[in-house]
Amino acid sequence: CEDCGGEEGFIRCLSCSGEHSWCSSCAVRAHQHNPFHNLQLWNGKFYQSTTLRDHRYIMHLGHGGNPCPN
């Protein structure tokens, strides 16, 4: 991963400028404010479409981006 350097970077974004390769957690962090970007996941043979939801991202609407207190 180009951000954390820890895990292998296997997610790329076709919507971002430049070439990037992120692990799952860094891809989510980099795209939490751009949830509709076109992400792709390397499956070992080719890149396939993926979403932030596939990587356990939950978008909280309201409450300042935090989960509902109820």
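Counting with my numbering, you get residues 74 to 143 for the letters of the sequence shown.
Idealized CB from N, CA, C, for every residue including glycine.
In this text, all values refer to a predicted model and were calculated from it rather than measured experimentally.
Residue ranges of each alpha helix (DSSP H) run of no fewer than 4 residues wholly in the segment 76–103, ordered along the chain?
none
Mind checking whether serine 88 and phenylalanine 109 have CB atoms under 9 angstroms apart?
Less than 9 angstroms separates the beta-carbon of serine 88 from that of phenylalanine 109.
On the criterion of 16 or more Cβ atoms from any shown chain inside 10 Å, does glycine 135 qualify as buried, or is it exposed?
exposed
With a threshold of 8 angstroms on Cβ separation, who are the neighbours of arginine 85 within its own chain once the five nearest residues in sequence on each side are excluded?
Glu92, His93, Ser94, Trp95, Leu112, Gln113, Trp115, Tyr120
Within 9 angstroms, strictly: CB atoms of histidine 128 and serine 97
yes
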